[in-house]
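**Q**
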Amino acid sequence: MRFAFGGIHIECSTYSRIRSRAEDFTVLSGQALSDAPHFAFLRSYPHPFLPTFYASAVPGGPVERATYEAFKGEFLHSLEELGPLDGLYLPMHGALYVDGMQDAEGDWIAAARQVVGADCLLSASYDLHGNLSRRVIDNIDMLSAYRTAPHIDVKETMQRACAMLLDCAGKRIRPTLVWAPVPVLLPGERTSTEDQPAKDLYAQLAPRNANPGVLDASLLVGYVWADEPRATASVVLTGTDRPTLQQQAVQIAQQYWDAREDFRFGVPVGSIAELLDQAEKSTTQPVILADSGDNPTGGGVGDRAEVLEALLSRNFDNALVAGIADRPATELCYQHSPGSVVMLHIGASLDPQGSRAIEAEAEVLFLLPTGDHREREAVVRIHGVTVVLTARRRPFHNISDFTCLRLDIPSFKLLVVKSGYLSPELAPLANPNLMALSDGSILQDLDRLPKNQFRPPTFPFDRSFPWKPSTILSARSPQATQ
Ligand SMILES: [Zn+2]
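Here the numbering used here is used: the first residue of the sequence shown is 7, the next is one more, and so on.
(1) If you reduce the DSSP assignment to three classes, tell me which class G245 lands in.
(2) Let me make sure I understand the geometry here. Which of D125, M98, L432, V190 has the alpha-carbon closest to that of G112?
(3) What's the gap between the Cα of L443 and the Cα of W473?
(4) Flag this pair as yes or no: are the beta carbons of V370 and V348 separated by less than 9 Å?
(5) Between A155 and ligand 1, is there a pair consisting of the residue's CB and a ligand heavy atom that are separated by less than 8 Å?
(6) Using 8 Å as the cut-off, classify the Cβ of I134 as near or not near the heavy atoms of ligand 1, replying yes or no.
(7) Confirm, please, whether the CB-CB distance from G66 to P302 is below 9 Å.
(8) Taking only three categories from DSSP, how would you classify L443?
(9) With respect to the alpha helix (DSSP H) encompassing H83, which residues constitute its N-terminal and C-terminal limits?
(10) In angstroms with no decimal places, state the Cα-to-Cα distance between L82 and H44.
(11) Leaving out the 5 sequence neighbours to the left and right, which residues in its chain are closer than 7 Å to A117 when beta-carbon positions are compared?
(12) Considering only residues of the same chain and omitting the five flanking positions on each side of A10, which have a CB-CB separation below 6 Å?
(13) Quick one: is C410 buried, meaning 16 or more other Cβ sit within 10 Å of its Cβ, or exposed?
(14) How about G446 and G299: do their beta carbons lie closer than 9 Å?
(15) Going by CA-CA distance only, name the one from L39, L149, T73 that's closest to Q165.
(16) Could I get the ranges of all uninterrupted alpha helix (DSSP H) runs contained in the region 158-228, with 4 residues as the minimum, in chain order?
(17) With a threshold of 16 other CB atoms inside 10 Å of the CB of F269, please say whether the residue is buried or exposed.
(18) Find out if the Cβ-Cβ distance for the pair A279, A101 is shorter than 9 Å.
(19) Can you tell me whether E17 sits near ligand 1, meaning its C-beta is under 8 Å from at least one heavy atom of the ligand?
(20) Between G123 and ligand 1, is the CB less than 8 Å from at least one heavy atom?
(21) How close, in whole Å, do the beta carbons of A124 and T477 come, if the pair is a contact with beta carbons under 8 Å?
(22) Locate the alpha helix (DSSP H) running through L317, then write down its first and last residues.
(23) Here's the rule I'm using: 16 or more other beta-carbon atoms within 10 Å means buried, otherwise exposed. How should D264 be labelled?
(24) I need the boundaries of the beta strand (DSSP E) containing V391, first residue and last residue.
(25) One question on the structure: do T492 and P156 come within less than 9 Å of each other, judged by their Cβ atoms?
(26) With respect to 8 Å, is the separation between the Cβ of G194 and the closest non-hydrogen atom of ligand 1 below this value?
(27) Could you tell me whether any Cβ in chain D is nearer than 9 Å to the Cβ of V104?
(28) May I ask you to check if the CB of Y152 is nearer than 8 Å to at least one heavy atom of ligand 2?
(29) For the region 410-422 against the region 337-344, are there 3 or more C-beta pairs whose distance is under 8 Å?
(30) In the structure shown, what three-state DSSP assignment does H379 receive?
(31) Please classify I14 as buried or exposed, where buried requires at least 16 neighbouring CB atoms within 10 angstroms.
(32) Which residue marks the beginning of the beta strand (DSSP E) containing F9, and which one marks its end?
(33) Applying the 10 Å Cβ sphere with the 16-neighbour rule, what's the burial state of K177?
(34) So for T32, helix, strand or coil by DSSP?
(35) Quick one, which of A259, G228, R236, V230 has its alpha-carbon nearest L243's?
(36) Please look up how many angstroms separate the CB atoms of T238 and L191, rounded, as I've assumed it's under 8 Å.
Okay, here's the thing in structure tokens:
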């Protein structure tokens, strides 16, 4: 049997003014894709998974149309060249948004279906912050989504999607796919699987795979910063026993709907000023403050300097801000040596309309040695605040992100990161963890989001509409054509 794999993986805020361009993506094809550590698990299967094309990027703004079309063209071309396939594995995110196009994953996946034909099985893995659509569902045969947020089961999810594909292809079964959309959209920070009620809702999914006739059960909270018709939570069941799949999908969908008022932020939240007051009074350290509206790993721009400005205006002592994406400021630092004092404009470098820059005299402390200008990172000090400036948009989620800049997190009274819920490495260090409902293109305070243009009635944007769960059968499912 012959299988292939490839796709596009990005999460795009439709509220962002910046665009995701070709240079923002890591693009892999051919042998480089086969050799990628992310897909190393595919080599353990008894049948070959042939590489096509895979583009992935840090979440951001909508993808430029020309970039998307070029990527799709390369993907389809490599798929065509492989000839007849028994199965195709699509590692997708699910919150792709392309300029001027609704339901971009639907476009990508429908195009893939056209190339591989009706007999080829198609299995997709999704982030649980992905949005589904009728077109996606009607073109795939199976789906697995992450069951943890923060995502610590990425590999397991990909393996489930591929194991199902191999299993069904080997047995020559075309499975049944059942989708139950739920008109609820909440931010990931209120639906972390480390907190209730998401913790229990997600814990019950894995045991459902053991039911006869069920191959996989997924619950997707969807992506709230996408103002498009398909944006919604979803329950998806893949298996062979349609009545069981429908009954289970309805049950999970009803549970999610019933819990909709119970989702809370897992940590104390407030305005930047309120939380800096708390941080000042804290007798423990490091306080870790998440600047959530500008979190690049959720689709925020990552160039805003409001928290830095607030820290400087109150003469905060011993804080670390990591980081602010500002290429011009970073480059200026690299023109000087550590120990030099430079006048910097920091902030609003990518989205000048979104926020404003501050001007400050800064001492250059450290410059990350790298031959690649895009990887440049400068550590500077402005009075009592240490700031990491970066040439590109990037998160600071891992301890190694700090140690390679010679920064010791516990030595700071306050660490400010552009994040939502903290990463698995940072969360245990936070003493305590606070989250600012700060401005940005992924505003957590949904009441302040610009009015929807395209979404149908959805909680919590609309609160009084009747709803009962119902299921939609993929047009690919055997029973759909009988
Ligand atoms: Zn996610």
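Idealized CB from N, CA, C, for every residue including glycine.
**A** Let's see:
(1) strand
(2) M98
(3) 30 Å
(4) yes
(5) yes
(6) Residue identity check: residue 134 is Leu in the sequence provided, not Ile. For ligand 1, at least one heavy atom lies less than 8 Å from the Cβ of L134.
(7) yes
(8) coil
(9) 71-88
(10) 21 Å
(11) K78, L82
(12) L56, T58, L88, L91, L94
(13) exposed
(14) yes
(15) L149
(16) 160-177, 204-209, 211-214
(17) buried
(18) no
(19) yes
(20) no
(21) That pair is no contact at about 23 Å.
(22) 312-319
(23) exposed
(24) 391-396
(25) Residue 492 lies beyond the residue range present for the chain, which begins at 7 and ends at 488; the question has no answer from this structure.
(26) yes
(27) As a matter of chain content, chain D is missing from the structure shown, which is built from one protein chain.
(28) This structure simply doesn't include ligand 2; it includes ligand 1 instead.
(29) no
(30) helix
(31) buried
(32) 9-15
(33) exposed
(34) strand
(35) A259
(36) 6 Å
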